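Protein sequences appear in the order of chains A and B.
When you line the first sequence up against this note's numbering, it's residues 7 to 32, in that order.
When you line the second sequence up against this note's numbering, it's residues 40 to 246, in that order.
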Amino acid sequence: RTPVAMNAFELISKSKGLNLGSLFEK
Amino acid sequence: FSLKRTKHPRGYEEPQVLASETPFTVNEIEALHNLFKKLSTSIINDGLIHKEEFLLALFRNSSKQNLFADRVFYMFDRKRNGVIEFGEFVRSLSIFHPHTPEHEKSSFMFKLYDLDGTGFIQRHELKKMVGALLSETDLGLSEESIEAIVEQTMVEVDTNKDGKIDEEEWKELVAKNPSILKNMTLPYLKEVTLAFPSFVLDSEVDD
Numbered sequence: 007r008t009p010v011a012m013n014a015f016e017l018i019s020k021s022k023g024l025n026l027g028s029l030f031e032k
Numbered sequence: 040f041s042l043k044r045t046k047h048p049r050g051y052e053e054p055q056v057l058a059s060e061t062p063f064t065v066n067e068i069e070a071l072h073n074l075f076k077k078l079s080t081s082i083i084n085d086g087l088i089h090k091e092e093f094l095l096a097l098f099r100n101s102s103k104q105n106l107f108a109d110r111v112f113y114m115f116d117r118k119r120n121g122v123i124e125f126g127e128f129v130r131s132l133s134i135f136h137p138h139t140p141e142h143e144k145s146s147f148m149f150k151l152y153d154l155d156g157t158g159f160i161q162r163h164e165l166k167k168m169v170g171a172l173l174s175e176t177d178l179g180l181s182e183e184s185i186e187a188i189v190e191q192t193m194v195e196v197d198t199n200k201d202g203k204i205d206e207e208e209w210k211e212l213v214a215k216n217p218s219i220l221k222n223m224t225l226p227y228l229k230e231v232t233l234a235f236p237s238f239v240l241d242s243e244v245d246d
């Protein structure tokens, strides 16, 4: 799906700032 | 009574206390303490996670501008004193534990997206967040496209048509579309003792 067809919250959830998994990467 | 005391930084809490209030075991909290020590000494060696250290860990860049990382930091900094202490770190991460109920994850995320702290996600907040996300990508969408995404979402989510999203409407959206919460679960937290195993050597406690 194109971004325009997405729900705004689905789109936002792709932010790297919300991916806390990065804290655990060495 | 023991005279032997270890000096811990401000905000340190005993693993036994944190384990009694979170889904983590004492051993897992000790492993998280190793992660915390690494993060909290990466730039300023004071045992507290400063914003720059948080950004460095997330992006490998301590001066990265990112609205969502700022919001996560703000949510973790429960005392609102500009740093994340160990107790705050563990209690906040516990919301991301695979065993934490969905409603807690959902509520945390609602507050994270409620940028102005009004108890509602308003249209202008949604627009700001969509704009921030698009600036992380090189999609180069027009102002009209951002407006269209926000408008469609408001039509879908703001079911009582008052121009803002309340927590009930948010819960309905999450129930229909659980993938929205996917960032709120970190599988790493079930494996934290494997990811940060050095604690095994200094752990004083058996689970």
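The beta carbon of each residue, even a glycine, is placed where N, CA and C say it ideally should be.
Remember, predicted model here, so these are calculated numbers, not experimental data.
Subject >> Buried/exposed call for L26 of chain A, threshold 16 Cβ in 10 Å >> reply: Position 20 of the first sequence holds residue 26 of chain A. Counting Cβ neighbours within 10 Å, L26 of chain A comes out buried, since at least 16 surround it.
Original post:
Would the segment 94-107 of chain B and the segment 56-67 of chain B be scored as touching if the rule is three or more Cβ pairs under 8 angstroms?
Top reply: no
**OP:** Note down, in chain order, each residue of its chain lying with its Cβ closer than 7 angstroms to the Cβ of E67 of chain B, except the 5 sequence neighbours on either side.
**Re:** Residue numbering aside, residue 67 of chain B sits at position 28 when the second sequence is read from its first letter. So the qualifying residues of the chain are V231 and T232.
**OP:** Go through the segment 165-245 of chain B residue by residue and report every complete run of the alpha helix (DSSP H) that reaches 4 residues or more, in order.
**Re:** 182-196, 206-215, 231-234 and 238-241
Original post:
What residue range is occupied by the uninterrupted alpha helix (DSSP H) comprising D109 of chain B?
Top reply: Residue numbering aside, residue 109 of chain B sits at position 70 when the second sequence is read from its first letter. First-last of the alpha helix (DSSP H) with D109 of chain B: L106 to F115.
Subject >> Secondary structure of K46 of chain B, DSSP reduced to three states >> reply: As a position in the second sequence, residue 46 of chain B is number 7, starting the count at 1. Three-state result, K46 of chain B: coil.
**OP:** Answer with yes or no whether the minimum CB distance from I123 of chain B to chain A is below 8 angstroms.
**Re:** The count along the second sequence starts at 1 and reaches residue 123 of chain B at position 84. Output row for I123 of chain B: interface = no.
Subject >> With 16 other Cβ atoms within 10 Å as the buried cut-off, status of N199 of chain B >> reply: Within the second sequence, residue 199 of chain B is the residue found at index 160, counting from 1. Exposed.
Original post:
Counting contacts by CB-CB distance shorter than 8 angstroms, is N105 of chain B in contact with chain A?
Top reply: Against the second sequence, residue 105 of chain B aligns to sequence position 66. Judged by the 8 angstroms Cβ criterion, N105 of chain B is in contact with chain A.
Subject >> Own chain, CB closer than 8 angstroms to F135 of chain B, minus 5 neighbours either side, in chain order >> reply: Here residue 135 of chain B corresponds to residue number 96 of the second sequence, with the count starting at 1. Answer for F135 of chain B: K144, M223, T224, L225 and L228, listed in chain order.
Subject >> Where H89 of chain B sits in the DSSP three-state scheme >> reply: Translated into positions along the second sequence, residue 89 of chain B becomes position 50. In this structure, H89 of chain B counts as strand in the three-state DSSP scheme.
**OP:** Let me know if V56 of chain B comes out buried or exposed under the rule of 16 or more other beta-carbons within 10 Å of its beta-carbon.
**Re:** Residue numbering aside, residue 56 of chain B sits at position 17 when the second sequence is read from its first letter. V56 of chain B comes out exposed.
Original post:
Taking just the CA atoms, how far does D201 of chain B sit from F112 of chain B?
Top reply: Stepping through the second sequence from its first residue, residue 112 of chain B is reached at position 73. Stepping through the second sequence from its first residue, residue 201 of chain B is reached at position 162. Approximately 30 angstroms between the Cα atoms of the pair.
**OP:** Would you decide whether E53 of chain B is buried or exposed? Buried here means 16 or more other CB atoms lie within 10 Å of its CB.
**Re:** Residue mapping note: residue 53 of chain B aligns to position 14 of the second sequence, counting from 1. That one is exposed.
**OP:** Taking C-beta pairs closer than 8 angstroms, name the residues in chain A that M168 of chain B reaches, listed in chain order.
**Re:** What you label residue 168 of chain B is simply residue 129 of the second sequence in a count that begins at 1. Those are A14 and I18, listed as they occur along chain A.
Original post:
What are the residues of the segment 183-211 of chain B that lie near chain A, defined by any Cβ-Cβ distance shorter than 7 angstroms?
Top reply: S184, A187, I188, V189, T192 and E195
**OP:** Grab me the residues of G156 of chain B's own chain with a C-beta within less than 7 angstroms of its C-beta, minus the 5 sequence neighbours each way, in chain order.
**Re:** Within the second sequence, numbered from 1, the residue matching residue 156 of chain B stands at position 117. Excluding residues within five positions, none has a Cβ falling inside 7 angstroms.
**OP:** Report buried or exposed for V169 of chain B, applying the criterion of at least 16 other Cβ atoms within 10 angstroms of its Cβ.
**Re:** Numbered from 1 along the second sequence, position 130 holds the residue referred to as residue 169 of chain B. When all chains shown are included, V169 of chain B counts as buried.
Original post:
Mind checking if L87 of chain B is an interface residue toward chain A, Cβ cutoff 8 angstroms exclusive?
Top reply: Start at 1 with the first residue of the second sequence, and residue 87 of chain B comes out as number 48. It does not; no Cβ of chain A falls within 8 angstroms.
**OP:** Pair every Cβ in the segment 186-197 of chain B with every Cβ in the segment 105-121 of chain B, then say whether three or more of these pairs are closer than 8 angstroms.
**Re:** no
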